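Written out below as structure tokens is the structure these notes cover.
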Amino acid sequence: MANGELPMTNGQWYRELTRYHWFVLAVAALGWLFDTMDQQLFNLARIPAMNELLTGPHGDLPAKGEVDRYAGITTAVFLIGWASGGLFFGMLGDRIGRARTMMLTILAYSTCTGLSALSTSVWDFCAYRFLTGLGVGGEFAVGVALVAEVMPHSARPFALGLLQALSAVGNIIAALISIGLGHLEEGGVLGQWQLMGVTLTAWRAMFVVGTLPALLALVIRRRLKEPERWQAAVESSTDEEEMMIEGHVVRPASHKAGSYRELFGDPRWRRRAIVGLIMATSGVVGVWGIGFFSIDLNRSVFRKVFEQEARDNGWATWDRNVLRLLLSDPQGLDQWAGTLRPSQLLNSSQESADAQPILATMVVLHDQSQPITVDSVLVQLDHEGQSADERQHRRAYLSGTADQTDRGKLVSQITSRSKEINGRLTRWAGYTSMMLNFGAFFGIYGFSMLTHRIGRRPTFAISFVAAGLSTALVFWRLNDISDVFWMIPLMGFCLLSLFGGYAIYFPELFPTRLRSTGTSFCYNVGRFIAASGPFTLGVLTSEVFAAYPEPMRLAGVSMCSVFLLGLLVLPFAPETRGKALLE
153 MANGELPMTN GQWYRELTRY HWFVLAVAAL GWLFDTMDQQ LFNLARIPAM
203 NELLTGPHGD LPAKGEVDRY AGITTAVFLI GWASGGLFFG MLGDRIGRAR
253 TMMLTILAYS TCTGLSALST SVWDFCAYRF LTGLGVGGEF AVGVALVAEV
303 MPHSARPFAL GLLQALSAVG NIIAALISIG LGHLEEGGVL GQWQLMGVTL
353 TAWRAMFVVG TLPALLALVI RRRLKEPERW QAAVESSTDE EEMMIEGHVV
403 RPASHKAGSY RELFGDPRWR RRAIVGLIMA TSGVVGVWGI GFFSIDLNRS
453 VFRKVFEQEA RDNGWATWDR NVLRLLLSDP QGLDQWAGTL RPSQLLNSSQ
503 ESADAQPILA TMVVLHDQSQ PITVDSVLVQ LDHEGQSADE RQHRRAYLSG
553 TADQTDRGKL VSQITSRSKE INGRLTRWAG YTSMMLNFGA FFGIYGFSML
603 THRIGRRPTF AISFVAAGLS TALVFWRLND ISDVFWMIPL MGFCLLSLFG
653 GYAIYFPELF PTRLRSTGTS FCYNVGRFIA ASGPFTLGVL TSEVFAAYPE
703 PMRLAGVSMC SVFLLGLLVL PFAPETRGKA LLE
């Protein structure tokens, strides 16, 4: 057998684990599970949060594309915080220990997640998400380093694969939270309570629940020990004498644990760090810049379905009636200002004739003390390229008397309909997330099984191709609720399988004293680059493809080319299958 290689396990790797091995795996898995739960809560809450935080004080709607653009900005800020925290806590994990650093990261991300619930503007929301990202970014590197160093050699890839696969459970828990809160929102329960001056809506409640992982930090502080391998590496860093290794002079100072200077000063580690960085960037942009935005795409698909059901039930007439009543008595805007908002009306269609912008225009005219008539509203809504038929359709929609004149009943019907639709959207966002992560669980663990048989590089090659094709399929062809049941799990399987590979592969690239630092560099610096992904998707959606009916679809398909980046760098990646961890 070649030097440094280990015999392959017969598949019953779990028989080698002691009770303490299982405890370490459980703690690391829970830390990463709750970490991913926080990430997914953000994905589920992002669009509702932007809709609320960007809505004006009188209910005036955000400009077209503004919600998507700011959703991309907040995601980019979160990823920048993630990358920054990963670099800092990754280095800290090599210096002060895996267990202590893990405790700090969990406290950081759980506390700042709770603060996100108190946001009153986009910018303080961004600030809280940046601080949350600091903790989220550090947890992964110290967690996988801890498991890699404690587990028996032959059990290591399977334990790391299981750790990453269980992260999908965190996403599923977030989905279940979303589903439960969706039921409460649909029933009108949420929105009645105040939390430190803000109304506790569904998206805020998600972040409140996200504070619970802080309890895990208590367990870590009391029972988790530092790996013997790490302790030995730290002690040896002060005792080594100058020596020659592969033609390079290695001095004690360069052996300092958690040293970025050594990581980039030694050609061996520098090359591996750069290769790992490019591989991670491809997958992270794919997930955070494209894949997780499929939840937002599904929201738009589901909203069309749910609103069409409302029209089929004859509920669109409520919007027309309330607009006609306001034209006959504009003072009703004062009475309904705190109850009726443009976003509660149905989106544009042949039946609703731009009900939302019509009400928003009325609110603006009223605030400016201008007359509110059919003509004054139509003038404000005129735009370049509109047809005479379009304007005439709006006029016919607004002219005439209301079929229903009970103002209180109308407003109650519209607000109840809005709560029902939003509650269903929240629930279905949860269902979508669950299906994506059921696929992810099997994809992540499937990667560990396949890489054990055919090696790291071939498995990564298969995963990059599958991730690109499946993600493009979702953005191009998902048009109905029935598509969600097979397209989303397929995308989750292919796309998230890459992250099972990262958990196995990155710790194998670096020696013990640089393991947390190197792993964190690969996984988290990629997020600085990946932070441009959500922003790019937002720009493509709101500007480049804005003229198309569904610009997010074209933007998502275009960005799937990022997976080619991972394929191109694979020839430079070392094969580590069957080899012992570097000391």
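Going by the numbering used here, the sequence shown opens with residue 153, and the numbers climb by one from there.
Every residue gets a Cβ at the ideal spot worked out from N, C-alpha and C, and that includes glycine.
Here the structure is a predicted model, which means the values were calculated and not measured.
Helix, strand or coil at residue i [DSSP, three-state]
i: PHE453; result: Sequence inspection shows Val at residue 453; the Phe mentioned does not correspond to that position. It is helical.
i: VAL350; result: strand
i: LYS731; result: strand
i: THR525; result: coil
i: LEU716; result: helix
i: PRO659; result: helix
i: HIS335; result: helix
i: LEU492; result: coil
i: GLN191; result: helix
i: GLU168; result: helix
i: PHE240; result: helix
i: PRO304; result: coil
i: PHE590; result: helix
i: THR809; result: With the chain running from 153 to 735 in the structure shown, residue 809 is simply not present.
i: GLN460; result: helix
i: TRP440; result: helix
i: PHE697; result: coil
i: THR688; result: helix
i: GLU291; result: helix
i: ARG467; result: The amino acid occupying residue 467 in the given sequence is Trp; Arg does not appear at that position. Of the three classes helix, strand and coil, the one that applies to TRP467 here is coil, per DSSP.
i: SER145; result: Absent from the structure is residue 145, since the part of the chain shown begins at 153 and ends at 735.
i: THR664; result: helix
i: VAL361; result: helix
i: ALA683; result: coil
i: VAL709; result: helix
Beta carbon of residue i nearer than 9 Å to that of residue j
i: TYR597; j: GLY313; result: yes
i: LEU205; j: PRO304; result: no
i: ARG381; j: VAL302; result: yes
i: GLY438; j: VAL714; result: yes
i: ARG546; j: ILE524; result: no
i: LEU449; j: MET189; result: no
i: LEU129; j: PHE673; result: Residue 129 lies beyond the stretch modelled for the chain, which goes from 153 to 735, so this question has no answer here.
i: LEU479; j: HIS518; result: no
i: GLY237; j: GLY287; result: yes
i: THR513; j: VAL563; result: no
i: ALA698; j: GLY428; result: no
i: LEU717; j: GLY441; result: no
i: LEU642; j: LEU625; result: yes
i: SER262; j: PHE194; result: no
i: ASN589; j: GLN192; result: yes
i: LEU719; j: ALA618; result: no
i: VAL229; j: MET254; result: no
i: GLU660; j: LEU722; result: no
i: SER268; j: GLY362; result: yes
i: LEU352; j: GLN344; result: yes
i: PRO686; j: PHE292; result: no
i: PHE175; j: LEU368; result: no
i: ALA507; j: ALA235; result: no
i: LEU602; j: THR611; result: yes
i: SER600; j: PRO309; result: yes
i: VAL516; j: LEU550; result: no
i: ARG569; j: TRP467; result: yes
i: ALA462; j: ILE573; result: yes
i: ALA279; j: TRP165; result: no
i: ALA197; j: ALA354; result: yes
i: MET202; j: TYR222; result: yes
i: LEU336; j: ALA357; result: yes
i: PHE359; j: GLY290; result: no
Integer Cβ distance of residue i from residue j, believed to fall under 8 Å
i: LEU577; j: ARG451; result: 6 Å
i: THR671; j: ALA297; result: 6 Å
i: ALA581; j: SER330; result: 6 Å
i: GLY595; j: GLY644; result: 6 Å
i: ARG729; j: GLY607; result: 4 Å
i: SER615; j: ASN323; result: 18 Å between Cβ atoms; not a contact.
i: ALA655; j: LEU315; result: 6 Å
i: GLN496; j: THR567; result: 6 Å
i: ALA366; j: ILE258; result: 7 Å
i: SER710; j: ASP220; result: That pair is no contact at about 15 Å.
**Asked** What runs of the alpha helix (DSSP H), each 4 residues or longer, lie entirely inside the region 594–648?
**Response** 608–629
**Prompt:** Should the region 281–300 be regarded as contacting the region 243–253, the criterion being three or more beta carbon pairs within less than 8 Å?
**Reply:** yes
**Item:** Whole runs of the alpha helix (DSSP H) within the region 497–572, excluding any shorter than 4 residues
**Value:** 507–519, 526–533, 540–550
**Prompt:** Can we say the region 535–555 touches the region 272–292, given the rule of at least three CB pairs closer than 8 Å?
**Reply:** no
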